[in-house]
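Notes follow once the structure below has been shown.
2 protein chains.
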Amino acid sequence: MRTRANILSAAFDIFGEEQGLFARIEDIATGAGVTRATFYNHFSGMGELREALSYEVTHDFLAAVTHTISQLPDARKRAAVAVRFYLDRARSDTRWGWSMLNLSASGRIFGAETYEQAERTVQEGMDEGHFLIPSSKVGRDILLGSTLAAMGSVTREETAADYPEIVSGYILHALGVSFDDAKRIASMDLPELLAPRNDAAASAE
Amino acid sequence: MRTRANILSAAFDIFGEEQGLFARIEDIATGAGVTRATFYNHFSGMGELREALSYEVTHDFLAAVTHTISQLPDARKRAAVAVRFYLDRARSDTRWGWSMLNLSASGRIFGAETYEQAERTVQEGMDEGHFLIPSSKVGRDILLGSTLAAMGSVTREETAADYPEIVSGYILHALGVSFDDAKRIASMDLPELLAPRNDAAASAE
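Line by line, the protein sequences give chains A and B.
In my numbering, each residue carries its 1-based index in the first sequence increased by 275.
In my numbering, each residue carries its 1-based index in the second sequence increased by 275.
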C-alpha cells in the first residue's frame, strides 16, 4: 500500500502544476522513485491513475462540503455555498486548483462523485420549485461548467475579491432565481466548513 | 511542410477519441509514420503540438461562426447562435467534439482565439445594455463554461433534440436577459453557416 500511496502523492505533485496535464507515466514513476514496471503493478495505466487520484483530490473535500451544506434549508443556498467553497479553495490553494482543472479534463467535471452530487442538488432545487429548468442535466451543465471556467480564472488570473460570490449569484440566476434573491443568497456569510460526516472512522485510520 | 501536416493529422485522429487526452508523443509519431526525432524537428513537445492543433481545429470554424453572427443585430442573438453552432457541430461530428474537449483541457476553453472572441461578444452585450453583469470575465466564464459542459454532455450522452437551444437560452438568462426573451431568441431559426470572411484566399491555396 505504501508504494501505491507514494505513486499517488507523486502524481498529485505533478498534476498540481499548470503543465501537469502533460505528465507521462515515466515522470510519475520517477517522482515516486519506482520503475515503470512497479507503476504497472499498481495501476493499469494513466486512465486508472487519474481516476484514483481524482477520488483522492475530490472525495474528502466533497464530503466536507456536502456535510456543511446539508445544514442549509434550501437548495439555492446549498448550491451557492458549494460553488464558493470550491472557488475559494482553488484561489487559496493553487496546487489543488490545478489538480482539479487537470483532472477534470475530458472526463466528468471535478470527477464522477462531485458531478453526480451537483446534479442531485440541482434536482432538489427543482423539486422545491426554486430552480425553473427543464432538466437537472441542463442545471448541472450550467452549475459545473461555470464553476470550472471560474476556477480556471481564479487559478490563472487576478480576479476581484468577490469573484466567487459574483459567479455563484449568476449561476443561481441562470437556474431561475430572481436577480435580487440570487445576489442576496450568494453574498451571505459563508458557514464554517465542517469535517466530513461519515468519514470519521476512515480519516482516523 | 508535408511532415508537419502529417503529424497534425495523426494528432487530430488521436485527440478525436475519448481516450485521446492520454496520447503520448510516441503514439502520434507512430500514427504519422515518423520517428520521435522527426517529431521534435517540428514541435518542441506536447504543449506546442496541442497549441498548433488547437488552432487547426478551432480557427476556420470560429471564423465561419464569427462571420455568420456578424450579420445579426444584437449580441444576445450572436451569443445564442454561436453556442448552438458549437453544440450542433459537436453532436453531429463526435471526433470534432472530442478534439474540442481534449484540447480545452487545462488551457483556455476552446483555445485562446475562441476564448477572446467570446469575451468580446459578452462585452458588446454589456455595451448594448442587454447583459447585466459586472465584468466581461464573469460573462465569459458562464458562457464558455456552460457551453463546454454541455458539449461534454452532447458528445458523451443522449440529450434532448433541443438541448443546444435550451442551454443557450439559460446562458442568455444568466447574463441578464429576461426568461421570455432568452427563450425566444435561443429558439429562433439558425442562419446558414457562412464561409469564413477573410480566409477566402487562404482556403483556396
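The beta-carbon is built from N, C-alpha and C at its ideal position, and this holds for glycine as well.
Where residue i meets chain B, residues with beta-carbon distance less than 7 Å
i: Y315 of chain A; result: In chain order: nothing, as chain B lies at least about 15 Å away.
Reference residue i, options the options, closest by Cα
i: G420 of chain B; options: B:A339, B:L362, B:G320; result: B:L362
i: P348 of chain B; options: B:A435, B:L418, B:T396, B:S379; result: B:T396
i: F385 of chain A; options: B:A424, B:L447, B:A449, B:T341; result: B:A424
i: V309 of chain B; options: B:I289, B:A285, B:G295, B:L465; result: B:A285
i: S329 of chain A; options: A:R299, A:R370, A:H342, A:E388; result: A:E388
i: S367 of chain A; options: A:V413, A:G404, A:E433; result: A:E433
i: E391 of chain B; options: B:D416, B:A380, B:N377, B:E403; result: B:D416
i: Y438 of chain A; options: B:D335, B:S379, B:S411; result: B:S411
i: S428 of chain A; options: A:W373, A:E292, A:E403, A:G306; result: A:W373
i: E440 of chain B; options: B:G451, B:E403, B:A457; result: B:A457
i: E331 of chain A; options: A:T313, A:A298, A:F454, A:W371; result: A:W371
i: A280 of chain B; options: B:D464, B:I303, B:F297; result: B:I303
i: R364 of chain A; options: A:S379, A:Q346, A:L337, A:A380; result: A:L337
i: M426 of chain B; options: B:E292, B:T369, B:R277, B:T343; result: B:T369
i: L378 of chain A; options: A:I282, A:S345, A:S453, A:E292; result: A:E292
i: E323 of chain A; options: B:Q294, B:A435, B:A380; result: B:Q294
i: R383 of chain A; options: B:L407, B:R431, B:H342, B:D402; result: B:R431
i: D464 of chain A; options: A:D335, A:R311, A:T333, A:I344; result: A:I344
i: D455 of chain A; options: B:A307, B:R459, B:T422, B:L407; result: B:L407
i: V452 of chain B; options: B:K352, B:A436, B:R311, B:Q346; result: B:K352
i: A393 of chain B; options: B:E301, B:T341, B:R459, B:A307; result: B:T341
i: A435 of chain B; options: A:P409, A:A436, A:D335; result: A:P409
Supposed close pair residue i, residue j - CB separation, criterion 8 Å
i: L468 of chain A; j: A350 of chain A; result: Incorrect: roughly 19 Å between the Cβ atoms, too far for contact.
i: S443 of chain B; j: R325 of chain B; result: Not confirmed; about 28 Å, so no contact.
i: A298 of chain B; j: F290 of chain B; result: 7 Å
i: V356 of chain A; j: P466 of chain A; result: 7 Å
i: L283 of chain B; j: A327 of chain B; result: 6 Å
i: L450 of chain A; j: G414 of chain A; result: 6 Å
i: L418 of chain B; j: A380 of chain A; result: Not confirmed; about 20 Å, so no contact.
i: T278 of chain A; j: T305 of chain A; result: Going by Cβ atoms, the distance from T278 of chain A to T305 of chain A rounds to 14 Å, so no, they are not a contact pair.
i: G400 of chain A; j: A354 of chain A; result: 7 Å
Span of the alpha helix (DSSP H), counted from its first residue to its last, around residue i
i: V397 of chain A; result: 386 to 403
i: F287 of chain A; result: 277 to 290
i: R366 of chain B; result: 350 to 367
i: F318 of chain A; result: Where F318 of chain A is concerned, there is no enclosing alpha helix (DSSP H), given that its DSSP letter is neither H nor E.
i: D437 of chain B; result: From DSSP, D437 of chain B is part of no alpha helix (DSSP H); its letter is neither H nor E.
i: F454 of chain A; result: 454 to 461
i: I256 of chain B; result: No answer is possible for residue 256 of chain B: it lies beyond the span of chain B, which begins at 276 and ends at 480.
Proximal chain B residues relative to residue i, where beta-carbon distance stays under 9 Å
i: G291 of chain A; result: Correct list: empty, because the minimum Cβ distance to chain B is about 12 Å.
i: I441 of chain A; result: I408, P409, S410, V413
i: I417 of chain A; result: I417, G420, S421, A424, A425, V442, Y445, I446, A449
8 Å Cβ cut-off: residues of chain A touching residue i
i: L423 of chain B; result: G420, L423, A424
Contacts of residue i in chain B (Cβ-Cβ under 8 Å)
i: M321 of chain A; result: F297
i: I384 of chain A; result: A424, G427
C-beta neighbour in chain C for residue i, strict 8 Å
i: L337 of chain A; result: This model lacks chain C altogether; the protein chains it does include are A and B.
heavy atom of the ligand HEM below 7 Å from residue i C-beta
i: S379 of chain A; result: Questions concerning the ligand HEM fall outside what the structure shown contains, since it holds no ligand whatsoever.
Cβ contact (3+ pairs, closer than 8 Å) linking the stretch 309 to 319 of chain B and the stretch 443 to 454 of chain B: The count of Cβ pairs closer than 8 Å, one atom from the stretch 309 to 319 of chain B and one from the stretch 443 to 454 of chain B, stays below three, leaving the stretches out of contact.
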